[in-house]
Amino acid sequence: MEIIKAGLNDFNLIHSLAENVWPQTYKNILTPQQIEYMFEMMYSQKAYNEQIEKKGHHFILIKDESGYLGFASYEPNYNNTPVTKIHKIYVLPETQGKGVGRAMIDEIAAIAKQKGNIRVSLNVNRFNKAVGFYENIGFVNTGQEDIDIGNGYLMEDFVMVKTL
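In my numbering, the protein residues as written are -2 to 161.
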């Protein structure tokens, strides 16, 4: 597997991967209306550009000989702390369980260490089966938060942290 840095020109690829992952990931957790609302909020061209240009998010893609398998975004020194925040990490459903997610988290953790960060954190929906995956690779559930994202919707998340 190869991990590459993504940029503004990779919007269509990130968007296409997200279209393949999101419905599968959230179909038993969120309503179709909330999935559509959140997808537009996070994966429009405008939102993608803003995440990179204004919010300081870095995107990576992972691929093998068969093609692209997933993507992630992260932000070193989140809120001016020695923490790298993983904002997104998604792997195509057919490639889950094959080390793709772990490889991206290992890459992000290595970058975090280079930046002098001591932890990696992420939020995950409380009902997402990925909670177990994160626990298996060393993340600890440090609490939960409900984030109002507008339109009457909440993101109901666990906050998970891994010490580097």
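The C-beta atom is built at its ideal place from N, Cα and C for all residues, glycine as well.
Whole angstroms are fine: how far does the CA of residue j sit from the CA of residue i?
i      : j      : result
Asn25  : Ser70  : 24 Å
Ile144 : Gln48  : 18 Å
Phe124 : Gln42  : 28 Å
Glu62  : Leu89  : 15 Å
Leu58  : Asn114 : 22 Å
Met38  : Ala44  : 7 Å
Gly4   : Asn133 : 30 Å
Leu174 : Asn9   : Here the chain has residues from -2 to 161 only, and residue 174 is not among them.
Phe130 : Asn6   : 31 Å
Ile32  : Tyr65  : 23 Å
List the whole-angstrom C-beta distance separating residue i from residue j, where the pair is believed to meet the contact cut-off of C-beta under 8 Å.
i      : j     : result
Leu119 : Ile83 : 4 Å
Ala109 : Val97 : With a Cβ gap of about 19 Å, Ala109 and Val97 do not count as contacting.
For the beta strand (DSSP E) that contains residue i, what are its first and last residues?
i       : result
Arg116  : 116 to 122
Met157  : 150 to 160
Glu(-1) : -1 to 3
Thr81   : 80 to 88
Phe136  : Counting along the chain, Phe136 falls outside any beta strand (DSSP E), and DSSP gives it neither H nor E.
Tyr65   : 64 to 72
Lys60   : 55 to 61
Can the beta-carbon of residue i be found closer than 8 Å to that of residue j?
i       : j      : result
Val158  : Thr139 : yes
Asn148  : Tyr75  : no
Glu104  : Ile0   : yes
Met(-2) : Ala100 : yes
Gly67   : Thr92  : yes
Got a sec, what are the start and stop residues for the alpha helix (DSSP H) residue i sits in?
i     : result
Tyr45 : 42 to 50
Leu27 : Segment: none, Leu27 is in no alpha helix (DSSP H) and carries neither H nor E.
Lys96 : Looking at the sequence itself, residue 96 is Gly, so the reference to Lys does not match. It is not in any alpha helix (DSSP H) - Gly96 carries neither H nor E in the DSSP assignment.
According to DSSP, what are the bridge partners of residue i?
i      : result
Gly147 : Tyr150
If you measure from the beta carbon of residue i to each beta carbon in chain D, is any gap under 8 Å?
i     : result
Gly64 : Although the question refers to chain D, the structure presented lacks it and comprises just one protein chain.
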